[in-house]
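Going down the list, the protein sequences come from chains X and G. Heads up: the first sequence at position 65 corresponds to 65 in this note's numbering, and the numbers run straight through without jumps. Going from the second sequence to this note's numbering is simple: count from 1 and add 187. Down below is the structure, laid out as structure tokens.
2 protein chains.
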Amino acid sequence: MKTEIGCKNCLYPLPTTLVGANVKGKPNFITIAHVGIVNPQAITLGVNKIHYTNAGIKENGTFSVNIPSENLVKETDYCGLVSGKTIDKSKLFKVFYGKLETAPMIEECPVTMECKLIKTVDFPNHDLFIGEVVATYCDESVVKDGEVDMDKVQPILFIMHDHGYYKLGTQFAKAWSVGKELKEDEK
Amino acid sequence: MKTEIGCKNCLYPLPTTLVGANVKGKPNFITIAHVGIVNPQAITLGVNKIHYTNAGIKENGTFSVNIPSENLVKETDYCGLVSGKTIDKSKLFKVFYGKLETAPMIEECPVTMECKLIKTVDFPNHDLFIGEVVATYCDESVVKDGEVDMDKVQPILFIMHDHGYYKLGTQFAKAWSVGKELKEDEK
Numbered sequence: 001m002k003t004e005i006g007c008k009n010c011l012y013p014l015p016t017t018l019v020g021a022n023v024k025g026k027p028n029f030i031t032i033a034h035v036g037i038v039n040p041q042a043i044t045l046g047v048n049k050i051h052y053t054n055a056g057i058k059e060n061g062t063f064s065v066n067i068p069s070e071n072l073v074k075e076t077d078y079c080g081l082v083s084g085k086t087i088d089k090s091k092l093f094k095v096f097y098g099k100l101e102t103a104p105m106i107e108e109c110p111v112t113m114e115c116k117l118i119k120t121v122d123f124p125n126h127d128l129f130i131g132e133v134v135a136t137y138c139d140e141s142v143v144k145d146g147e148v149d150m151d152k153v154q155p156i157l158f159i160m161h162d163h164g165y166y167k168l169g170t171q172f173a174k175a176w177s178v179g180k181e182l183k184e185d186e187k
Numbered sequence: 188m189k190t191e192i193g194c195k196n197c198l199y200p201l202p203t204t205l206v207g208a209n210v211k212g213k214p215n216f217i218t219i220a221h222v223g224i225v226n227p228q229a230i231t232l233g234v235n236k237i238h239y240t241n242a243g244i245k246e247n248g249t250f251s252v253n254i255p256s257e258n259l260v261k262e263t264d265y266c267g268l269v270s271g272k273t274i275d276k277s278k279l280f281k282v283f284y285g286k287l288e289t290a291p292m293i294e295e296c297p298v299t300m301e302c303k304l305i306k307t308v309d310f311p312n313h314d315l316f317i318g319e320v321v322a323t324y325c326d327e328s329v330v331k332d333g334e335v336d337m338d339k340v341q342p343i344l345f346i347m348h349d350h351g352y353y354k355l356g357t358q359f360a361k362a363w364s365v366g367k368e369l370k371e372d373e374k
């Protein structure tokens, strides 16, 4: 028997990212964990319209999604505490640009995705930005067998309920595999 | 210095969910980890159009997002291995319905969100379903101080790169807090 607890969003944890955009020609970074995947090429960002970054994403049609490691937790949290409206965050990180030329990326993050804005879905208080990944950049140190090894990336997972930053735990099963046992039972 | 590795989607881990929908009047469940949050009330599901579930979501305009615990990993994976086109998954779980009446929910999952479809964004091979949470149901055993305690839920996190199911790790910092130290430095 279940208890109804209102309309609580429980789709956590989600990976904490630093979203980069040029605003008024200057790199700015904001902490966003309300992210998602559409398909292998596309991602979503749910960004409150009060933020400074939204105008930059719309103006350039580009942004970056940088995945910080646990050791960047202070800088990551800081980018969510202060607004680009009043604080210049352009010098917080070593910034580089890729093929889109206007999506500032963070050298200190082990993985970063350069994205082209393909659609904005308008909500009363939020923009849902849908971006296509046009290039992914990473440190050699986090690559294993040609794939990014998230264990090595040490992403910062976020849960709203307790405002907690969490570590990635251990792998305990394989997808498209552990359930095969039940498939055998069908026979 | 970063290496470019093509257009790899690295927005992982994401929580593995069992999405429920009535298809042809019968409950069906599919494993979806390509999910996201739009805002406190809304979530996204990126679902390949090959799946049986999509028609049910569109027909009823309702669906459920059930969060399975680690102990349901076999059943969870199984729902991603077999299609409702050929296998009847309606008896796999104890099913209950809420106020929307057409979104089948799973009693065995400690948390479930009953959702109303508010928009479908069309991609060549995927539907991006955007749903509003109209009610959340959970077991008393996972509630702490009026909030769902994800530590107790023990969600199954998914990473595509190695097809791994991962545990949630430990909390190591607090959001809107750990970065305040850098804010002090501004002064």
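Glycine included, every Cβ here is placed at the ideal spot set by N, Cα and C. Remember, it's a predicted structure, so these values are computed and weren't measured experimentally.
Closest residue to residue i among the options (Cα-Cα distance)
i	options	result
E167/G	A220/G, K367/G, G356/G, N247/G	In the structure as shown, chain G begins at 188 and stops at 374. Residue 167/G is therefore absent and cannot be evaluated.
I47/X	D149/X, K58/X, H34/X	Per the sequence shown, the amino acid found at residue 47/X is Val instead of Ile. Among D149/X, K58/X, H34/X, the Cα nearest to that of V47/X is on H34/X.
T62/X	E101/X, P68/X, S141/X, C10/X	E101/X
A290/G	K211/G, I224/G, Y353/G	K211/G
L92/X	G366/G, S277/G, K189/G	G366/G
H313/G	A55/X, N39/X, G20/X	N39/X
G271/G	D332/G, T240/G, I230/G	T240/G
Q358/G	M347/G, H350/G, D338/G, E371/G	D338/G
L198/G	T112/X, T120/X, H161/X, L72/X	T112/X
G20/X	L14/X, T31/X, P13/X	T31/X
T16/X	G80/X, D88/X, P27/X, K2/X	G80/X
V282/G	V329/G, V252/G, T307/G	V252/G
Bounding residues of the alpha helix (DSSP H) (the contiguous stretch that carries residue i)
i	result
E132/X	No alpha helix (DSSP H) contains E132/X, which is instead part of the beta strand (DSSP E) from 126–138.
L81/X	73–81
Test item: CB-CB of residue i and residue j under 8 Å
i	j	result
Q41/X	E140/X	no
F345/G	I293/G	no
A135/X	K99/X	yes
C109/X	P68/X	yes
I192/G	T263/G	no
A315/G	K74/X	Per the sequence shown, the amino acid found at residue 315/G is Leu instead of Ala. No; because the gap between Cβ atoms is not below 8 Å, this pair is not in contact.
L117/X	I57/X	yes
I317/G	N9/X	no
W176/X	H350/G	yes
Range of the contiguous beta strand (DSSP E) that encloses residue i
i	result
K245/G	No beta strand (DSSP E) holds K245/G; the alpha helix (DSSP H) holding it covers 240–247.
C302/G	298–309
I37/X	35–39
T218/G	213–219
T17/X	17–23
Cross-strand partners of residue i (DSSP beta bridge)
i	result
G233/G	L315/G
V335/G	V330/G
N196/G	Partner(s): none; N196/G has no beta bridge.
I67/X	V111/X
P342/G	S256/G
Y352/G	A173/X, F345/G
I106/X	V95/X
Closer than 7 Å: residue i CB and nearest the ligand ADP heavy atom
i	result
H163/X	Ligands displayed in this structure: none; no statement on the ligand ADP is therefore possible.
Check each residue of the region 352–364 of chain G: if its Cβ is closer than 8 Å to any Cβ of chain X, include it; give the result in chain order. Taking 8 Å as the cut-off between beta carbons, the residues of the region 352–364 of chain G near chain X are Y352, Y353, K354, L355, G356, T357, Q358, F359, A360, K361, A362, W363, S364, in sequence order.
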